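To start, the structure itself, in structure tokens.
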Amino acid sequence: MIKDIPHLGNYIKISENEANIYERVGLKYPWQLTEYYASLIDPDDMSCPIRLQSIPDIRELETTFGEDDPLTEDENSPVPGVIRVYPDRIAVIVTNKCPVYCRHCLRKRFTRDRSDDLKGQRLETVLSYIRKDRAIRDVLLTGGDPLMLSDNELDGIIGGIRSIPHVEIIRVGTRALCTWPERVTDEFAKMLASYHPVWVSTQFNHPREITQEAENAVDRLLKQGIPVNNQSVLLREINDSVDTMLKLNRKLVSIRVRPYYLYQAQTLAGTKHFVTTVEKGLEIIKGLRGWTTGFAVPQYVLDTPCGKIPLNPNYLTGRDGDFVEMLNYRGEHWREYNPLP
Ligand SMILES: *Cc1c(COP(=O)(O)O)cnc(C)c1O
Ligand code: SF4
Numbered sequence: 003m004i005k006d007i008p009h010l011g012n013y014i015k016i017s018e019n020e021a022n023i024y025e026r027v028g029l030k031y032p033w034q035l036t037e038y039y040a041s042l043i044d045p046d047d048m049s050c051p052i053r054l055q056s057i058p059d060i061r062e063l064e065t066t067f068g069e070d071d072p073l074t075e076d077e078n079s080p081v082p083g084v085i086r087v088y089p090d091r092i093a094v095i096v097t098n099k100c101p102v103y104c105r106h107c108l109r110k111r112f113t114r115d116r117s118d119d120l121k122g123q124r125l126e127t128v129l130s131y132i133r134k135d136r137a138i139r140d141v142l143l144t145g146g147d148p149l150m151l152s153d154n155e156l157d158g159i160i161g162g163i164r165s166i167p168h169v170e171i172i173r174v175g176t177r178a179l180c181t182w183p184e185r186v187t188d189e190f191a192k193m194l195a196s197y198h199p200v201w202v203s204t205q206f207n208h209p210r211e212i213t214q215e216a217e218n219a220v221d222r223l224l225k226q227g228i229p230v231n232n233q234s235v236l237l238r239e240i241n242d243s244v245d246t247m248l249k250l251n252r253k254l255v256s257i258r259v260r261p262y263y264l265y266q267a268q269t270l271a272g273t274k275h276f277v278t279t280v281e282k283g284l285e286i287i288k289g290l291r292g293w294t295t296g297f298a299v300p301q302y303v304l305d306t307p308c309g310k311i312p313l314n315p316n317y318l319t320g321r322d323g324d325f326v327e328m329l330n331y332r333g334e335h336w337r338e339y340n341p342l343p
């Protein structure tokens, strides 16, 4: 892990002014990278997509935009460590730590408001909450990044959840496949697979993140029968073009990762410079749907305190008597005979 300027200086050039900025921003929003992720930065390109996601930026200190906790997760928390928005599934915060502190992180507040990892009494409370509610059939471990815990600690948590009969599936959300692929070992994959059905979600945001190391790490999970879904975030000047998103999603399916969600960036304190318009996101989805493999197109969503809202381009344009009128992926008109009852 890289946590200080001299260490980071082995990977990128840092002027005195930049060093000052990193320190100032770091007081409010801590920064940290893995050596692996830092090695992906192009040191000569100030707009390198890896750099923009991981190196502090003075614009983070603009506090004129958004809130710390836009999803009011702190209010949707029935017991410490559980976030519940849906009737049949919950998110469980396993830790607040991450290998890389993404500058666009939705839970940016976490890195400041440190709380405990999920163990001891805290874990017991979460397990008994799940045990008491038979409606919970899907448990999503998130954070922070759960892979900051040891295999042993995760084994304890996942084993505890798996022992509850009404829990059908367990999901682990981790960005380690992208930011710290060596953490995803064969041993880890085997441990997870011993609690099947287990699914993993991850976050690749740019085609340059899909390296041989990342592909190998994904393969270690797939070999154990663990499906991997990707949840990318739409980020201004990082991946907000049809061309970049086509490349990203085609590369993902070529390493057998299924694009799942594309998140609209939130109205969140310290991240204004990443946010695009919703219209931009819809334009990107239109540029993917039909133009590439159907399952290489993620569902574009806005996450809200009351659940994820799908954002879809409109292909249905109206009705004319017994015909419905629509557009194909090229924007050409189609009329389908569809008589009214
Ligand atoms: C995203 C999320 C889930 C999982 O939602 P899916 O659409 O099933 O992937 C569950 N709980 C919370 C609080 C979430 O934010
Ligand atoms: S890995 Fe996820 S939780 Fe951690 S900083 Fe990045 S986006 Fe936030």
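Its first residue numbered 3, the sequence shown is counted upward by one per residue in the working numbering.
Note that beta-carbon positions come from the ideal geometry of N, C-alpha and C, so glycine has one too.
On a predicted model such as this, the values are computed, not experimentally measured, just so you know.
{"Query": "Starting from Lys-344, follow its DSSP beta bridges and name the residues at the other end.", "Result": "This structure leaves residue 344 out entirely; the chain is present only between 3 and 343."}
{"Query": "Between the C-alpha atoms of Pro-72 and Thr-269, what's the straight-line distance to the nearest angstrom?", "Result": "7 Å"}
{"Query": "For Ser-56 and Ile-240, I'd like the C-alpha separation in whole angstroms.", "Result": "12 Å"}
{"Query": "I'd like to confirm something about Gly-146: is its beta-carbon nearer than 7 Å to some heavy atom of ligand 2, or not?", "Result": "yes"}
{"Query": "Do Ala-267 and Thr-278 come within 8 Å of each other at the CB atom, strictly closer than that value?", "Result": "yes"}
{"Query": "For a test of your reading of the model: does the CB of Gln-205 fall under 7 Å from any non-hydrogen atom of ligand 2? Yes or no.", "Result": "yes"}
{"Query": "What residue from Leu-29, Leu-142, Gly-158, Arg-185 has the CA that sits closest to Val-169's CA?", "Result": "Leu-142"}
{"Query": "Excluding sequence positions up to five away, which residues of its chain have a Cβ less than 7 Å from the Cβ of Ala-93?", "Result": "Ile-85, Leu-142, Thr-144"}
{"Query": "Report whether the distance from the Cβ of Tyr-88 to the nearest heavy atom of ligand 1 is below 7 Å.", "Result": "yes"}
{"Query": "Which value, in whole angstroms, describes the spacing of the CA atoms of Asn-22 and Pro-199?", "Result": "48 Å"}
{"Query": "Indicate whether the contact test is met: 3 or more Cβ pairs, each with one atom in the stretch 302-319 and one in the stretch 281-291, closer than 8 Å.", "Result": "yes"}
{"Query": "Helix, strand or coil, according to DSSP, for Tyr-263 in the structure here?", "Result": "strand"}
{"Query": "Is Ala-93 near ligand 1, going by C-beta to nearest heavy atom under 7 Å?", "Result": "yes"}
{"Query": "With a threshold of 8 Å on Cβ separation, who are the neighbours of Asp-324 within its own chain once the five nearest residues in sequence on each side are excluded?", "Result": "Tyr-339, Asn-340, Pro-341, Leu-342"}
{"Query": "Can you tell me whether Ser-234 is helix, strand or coil according to DSSP?", "Result": "strand"}
{"Query": "Thinking just about the alpha-carbon of each residue, which of Thr-74, Gly-146, Glu-184, Arg-139 is nearest to the one in Arg-164?", "Result": "Arg-139"}
{"Query": "Which runs of the alpha helix (DSSP H), 4 residues or longer, sit entirely within the stretch 180-240?", "Result": "188-195, 214-225"}
{"Query": "Mind checking Ser-280: buried by the 16 CB within 10 Å criterion, or exposed?", "Result": "The identity of residue 280 in the sequence shown is Val, whereas the question assumes Ser. With fewer than 16 Cβ atoms within 10 Å of its Cβ, Val-280 is classed as exposed."}
{"Query": "Between which two residues does the beta strand (DSSP E) holding Thr-319 run?", "Result": "318-322"}
{"Query": "Output yes or no for whether 8 Å exceeds the beta carbon distance between Leu-151 and Thr-97.", "Result": "yes"}
{"Query": "Assign Gly-296 to one of two classes, buried (16 or more other C-beta atoms within 10 Å of its C-beta) or exposed (fewer than that).", "Result": "exposed"}
{"Query": "Cα-Cα, which of Ser-49, Glu-25, Leu-42 is closest to Leu-63?", "Result": "Glu-25"}
{"Query": "Ignore the nearest five residues each way along the sequence and tell me which others in Arg-375's own chain have a CB closer than 7 Å to its CB.", "Result": "Outside the shown range of the chain, which is 3 to 343, sits residue 375, and nothing can be said about it."}
{"Query": "Contact check, Ile-43 vs Ile-52 under 8 Å by CB: the rounded distance?", "Result": "5 Å"}
{"Query": "Got a sec: does ligand 2 put a non-hydrogen atom nearer than 7 Å to the Cβ of Tyr-262?", "Result": "no"}
{"Query": "Would you mind working out which of Arg-291, Pro-307, Cys-308 sits nearest Gln-301, comparing C-alpha positions?", "Result": "Arg-291"}
{"Query": "Can you tell me the Cα-Cα spacing of Gly-175 and Lys-288, whole angstroms?", "Result": "27 Å"}
{"Query": "Start and end of the beta strand (DSSP E) containing Gly-175?", "Result": "171-175"}
{"Query": "Mind checking whether the beta-carbon of Val-102 lies closer than 7 Å to any heavy atom of ligand 2?", "Result": "yes"}
{"Query": "Could you pull the start and end residues of the beta strand (DSSP E) that Met-328 belongs to?", "Result": "325-329"}
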